[in-house]
Amino acid sequence: MKLRGIGVGSMMYGLGYGFARPDFSTTDIELAPDGTVTIWNGASELGQGLQTLLCQLVAEELGIPYEDTFIITADTGRTPDAGPVSASRSTYVQGNSALKACRDLKKPMAELAGELLKTDPDQLIFKKGLVQDQNEPSRSISFTNLAGGMHQRGRRVRGSGYHSITTGDVDKETSQGDAYATYAWASQLAEVEVDTETGQVTVLRLASATDAGKAINPKMVEGQIEGGAVQGLGFALMEDMKIEQGEFKNAKLSTYLIPTAADVPMVEPLIVEVYDPTGPYGAKGVAEPATIPTAPTIFNAIANALGQRVRFTPATPEKMLKLLGKLEEKEEQITIEDMPYPEP
Amino acid sequence: MTILNETLQEEELKIQTPSISRKDEYESVGKSVLRKDSVPKVTGKAIYTGDLHMPGMLFGKVLLSTQAHALIKSIDVSAAAAVPGVKAVLTSRDIPGENAFGIAIPDQQVLAETKVRYIGEPVAIVAAEDIFAAEQAISQIQVEYEPLPAVFSPFDALKPGAPAVHAKGNILYHTKVRKGNIERGFDEAAIIVENIYRTSGQDHAPIEPEAGFAWIDAEGVLNVFSGTQYAFRDRRQIAIALNLPMNRVRVANMTMGGGFGRKDDVTAEILVALLAWKTGRPVRLVYSRHEAMMSQTHRHPTYTRVRTGANKEGKLTAMEGVIYGDTGAYASLGLFVIKKMALHLGGPYYYPNYKSDSFSVYTNNPIFGAFRGFGVLQAAVSHEGQIDELAEKLGMDPIEFRLRNCLRPGLSFSTGQLMTNACGIATTLERLQDYLVENGLSIELHPEVSA
Amino acid sequence: MDENNLIKMELTVNGEAVSMIVKGGRRLLDFLRDDLHLTGTKEGCGEGECGSCTVHLDGQSVLACLTPMERAIGCSVLTIEGVGSPTNLHPVQAALLDEGGVQCGMCTPGMVMSALDLLERNPDPTIEEIIEGISGNLCRCTGYKKIIYGIQQAAQELQAASPAGTVKESVE
Ligand code: FES
Ligand code: FES
């Protein structure tokens, strides 16, 4: 018999490290005489799109074309330390440091532009390749020409931005306190079909409403959501790390199975944008929020289909048949007696 | 562009344009621009660590422990060193600096010295003229182990008299979260659900297995290239192990084939640096898939007992939980993963009363560390199971029940921290409600049978 | 190195004649990566599970990690380096970029080679056929959706560019 069900699951995730762990980033930026810029940031491109994201932020902040940015990342011989790439912090922390580097560079640029345009540097905005007086639009200079002028006059053409979200620590005994700089949010919905004869669970539909704050690059955000949810699906249903007497028994891709294209639905990313005033252009990270709720979402859909709850991972066909009472459970189960709640 | 001339000022001022306001739409932000790194990747031109090559390059290989917990009585490398083409066979004795590293606390050995703590722990390394000689040398290394009693679950590790994985005991960290009055919270509950949840380990399986490449440049700087999530921490740890000033070590990240948390730890970096330092030659060390899976970190397996109460109106009144996280043989980030899990065990909901304890426990299993989700993923299996079950028992729509209880600006998290306006959980749930309508779906319609 | 195990590799790689005396008894993957320095072909598992080492041997998709190098003697090998260049991308490559199907990129060369093989056999594949065509290629980053759509987009472009129906008939 094949039964279908729909379930939902939600999550929150404290962004960054918390607990007084160093949580900072530095970005350097240099203006060339032709108006192109080079960005140095010590964070790593893992495939998540950090380089692209930082370039987009810089292009926006300086009002120049994205194509005019070039970035060098994660090299202790060249880049400033930007902290690790983890905890979904890159957009938030490294992104903010890139914006600050731009603002640092814009200061001397605005000074020169103010001199040239005979206007108040504070009234200048950088947009669409121009540096322009926002009150008197006729007073403007192209970013490119201003860049040349900066070099010709020997002005400072390098900017640096440091951003830290290092928090205080929470109380040792109660963990009360401000734990994280901000939080990320997501809710997912899955539709599954469970074959009660074979125990096979097929995910027919997986939609993820993920709060990106502001999607700096929507396609990359979608990519994070789609890939993250599929990793969560693997965790929920397939990836069975068999450890016996300390030995990882199936440490090969032929025996430790991760999802193939044939195992997954077309994940539907539903980008939600709840502006975060502390993030760059309101943005925050999405990498982990995309993965976190998937397994319980699938399990809730299974519960909706079967009326029986999965409280373990992974829900492989074999373990599903045990849950359905069609296969004998031989493993010793942990019981409530094994896990007393510690005293207050 | 010829802009550098004396009449620049005139030139500079020539361009006049229409007004641009601060508020108009973004130019780059919000656009799906072409990724900076994608053209090299799609044409096969991007250079990953394992693609690096230099004249005179040696091939590195690692010998991994076959024992979960054992004393090393002796290591005989003479036969390995005699294999033609072998340039170095190194053990813990050959480490110039400290034989200790670790992402949070340095409890890990670069090469096992007197004791191994998991199957897959690096014991010796080899550099040779080709990979076949390196493989042959590895097979010739004789390690004499004296097996010790071992522990393979956090429960066994916490039993009185359990074998100690580390001298300081098997509890790495105990996190306590205490908010409100848990007894009163459960007194106010009309319904309480209590369950045990068990999550398994997970391998990150980045399609690029871990690798490192090292060489010494003309200035004597030790250069290490790898796929790493934090080059600066690697540099520090390499310098300490090799007893070098930190500014004489350079670590650079190559194009990287995924990390997902695992490459936040040192992977091949110190080992390949040692080989290059000892031989004076460039060395490339690429883990096989099997070696990577055996030696590197994974997602923490966890056991959670939790009870959650709600009143008749469907408002959560209390949550109490206890978590045992298996951090394996070394700490890696196991302290923070399991700590974060305790804070997030309730999920994105408001609980006036909240109590949780988590124990991060050493065992002789492989190392468990950072992996996308970082403890919160394991917590979600529990809290979403609990919330869904409560909604079902109260006869409420699961999304409505979540909306009724989710955090909102001004409500507090388990740590008492107040949520700001950037609290987006309700918006994501409402988006799912819209999605159901858009797709003509409803959650109550099930189960539906389609034999 | 065992002097007796030297062999002569004479073959065509990416349209160019290659003749080399190298150590034999290795995998085609080693020959391509270590001897020819064509490192666009990746090794993700070494046991035929991930597809990242996919190349074409006489027009057929093969896994270079399971193919003895000697099998390629006298054959024509196509690797990712022979598919398109940064300034002249193959439509499959361009479509993968356009759709956002490239993240870490480790699976990408193998995906491109599998997609080319699929489109040669079946120029107008359904989504299911595309999924089937790349189901031997693991990707840990993207969740596959954007890769699948990228291949579909490329197929449509290639179809539009080629005279209608000509290729398809020969397959069916
Ligand atoms: S490396 Fe050949 S299939 Fe994985
Ligand atoms: S893009 Fe990373 S494995 Fe496919």
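Residue numbers (the numbering used here), protein chains in the order written: chain A, 5 to 348; chain B, 700 to 1150; chain C, 1231 to 1402. Where is the CB? At the ideal position from N, CA and C, for every residue including glycine.
| Asked | Found |
| --- | --- |
| Interfacial residues, the segment 1048-1062 of chain B to chain C, with Cβ spacing under 9 Å | none |
| Closer than 7 Å: GLY957 of chain B CB and nearest ligand 2 heavy atom | yes |
| Beta-bridge partners of CYS1105 of chain B, as assigned by DSSP | B:TYR1048 |
| Boundaries (first-last residue) of the alpha helix (DSSP H) holding ILE1215 of chain B | Since the first residue of chain B shown is 700 and the last is 1150, residue 1215 of chain B is not available in this structure. |
| Any non-hydrogen atom of ligand 2 within 7 Å of ILE262 of chain A CB | no |
| Proximity test, CYS1122 of chain B beta-carbon vs ligand 1 heavy atom, cut-off 7 Å | no |
| Cα-Cα separation between PRO1321 of chain C and ALA1078 of chain B, rounded to whole angstroms | 44 Å |
| Under the three-state DSSP convention, the category PRO846 of chain B falls into | strand |
| Secondary structure of ILE906 of chain B, DSSP reduced to three states | coil |
| Interface flag, MET1231 of chain C vs chain B, CB-CB below 8 Å | Any reading at MET1231 of chain C must be qualified, since the residue scores a pLDDT of 45, below 50, and its modelled position is unreliable; the value itself is stated next. Yes - at least one Cβ of chain B is within 8 Å of the one on MET1231 of chain C. |
| C-alpha distance - ASP963 of chain B paired with CYS1334 of chain C, whole-angstrom precision | 16 Å |
| Per-residue contacts from THR80 of chain A into chain B (C-beta, under 8 Å) | ALA930, PHE931, ARG934, VAL948, ARG949, VAL950 and ALA951 |
| C-beta neighbour in chain C for LEU310 of chain A, strict 8 Å | no |
| Continuous alpha helix (DSSP H) stretch holding MET224 of chain A: start and end | 222-237 |
| Beta-carbon spacing of TYR1061 of chain B, ALA1028 of chain B below 8 Å | yes |
| Neighbouring residues, chain B, relative to ILE338 of chain A (Cβ below 8 Å) | PHE854, ILE895, ARG897 and TYR1002 |
| Buried/exposed call for GLN249 of chain A, threshold 16 Cβ in 10 Å | exposed |
| Cα-Cα separation between GLU1143 of chain B and ASP1096 of chain B, rounded to whole angstroms | 8 Å |
| Contiguous beta strand (DSSP E) assignments of at least 3 residues, all confined to the segment 826-900 of chain B | 841-846, 870-878 and 890-898 |
| Whole alpha helix (DSSP H) elements within the segment 1343-1380 of chain C, 4-residue minimum | 1357-1363 |
| Beta strand (DSSP E) runs contained entirely in the segment 252-322 of chain A, provided each spans 3 or more residues | 272-276 |
| 7 Å Cβ cut-off: residues of chain A touching ILE1098 of chain B | VAL12 |
| Contact belief for ILE296 of chain A with TYR1002 of chain B at Cβ below 8 Å, rounded distance in angstroms | Contact doesn't hold; Cβ gap of about 19 Å is too wide. |
| Any non-hydrogen atom of ligand 3 closer than 7 Å to MET1336 of chain C Cβ | For ligand 3, the structure offers nothing, since it holds only ligand 1 and ligand 2. |
| Own chain residues within Cβ distance below 8 Å of GLN1290 of chain C, not counting five before or after | ASP1347 |
| Extent of the continuous alpha helix (DSSP H) run through GLN156 of chain A | 147-156 |
| Simplified DSSP state of ALA991 of chain B, which is helix, strand or coil | helix |
| Pairwise C-alpha distance: LEU974 of chain B and CYS1275 of chain C | 24 Å |
| Closer than 8 Å to chain B by CB, ASP32 of chain A | no |
| Chain A within 8 Å of CYS1283 of chain C, Cβ atoms only | no |
| N-terminal and C-terminal residue of the alpha helix (DSSP H) that TYR1134 of chain B is part of | 1124-1137 |
| C-beta neighbour in chain A for GLU1277 of chain C, strict 8 Å | yes |
| HIS873 of chain B and ASP1056 of chain B closer than 8 Å at C-beta | yes |
| Straight-line Cα distance separating GLY1123 of chain B from LYS176 of chain A | 29 Å |
| Cutoff 8 Å: LYS760 of chain B Cβ touching any chain C Cβ | no |
| Same chain, Cβ closer than 6 Å to LYS1092 of chain B, neighbours up to 5 away in sequence not counted | ILE890 |
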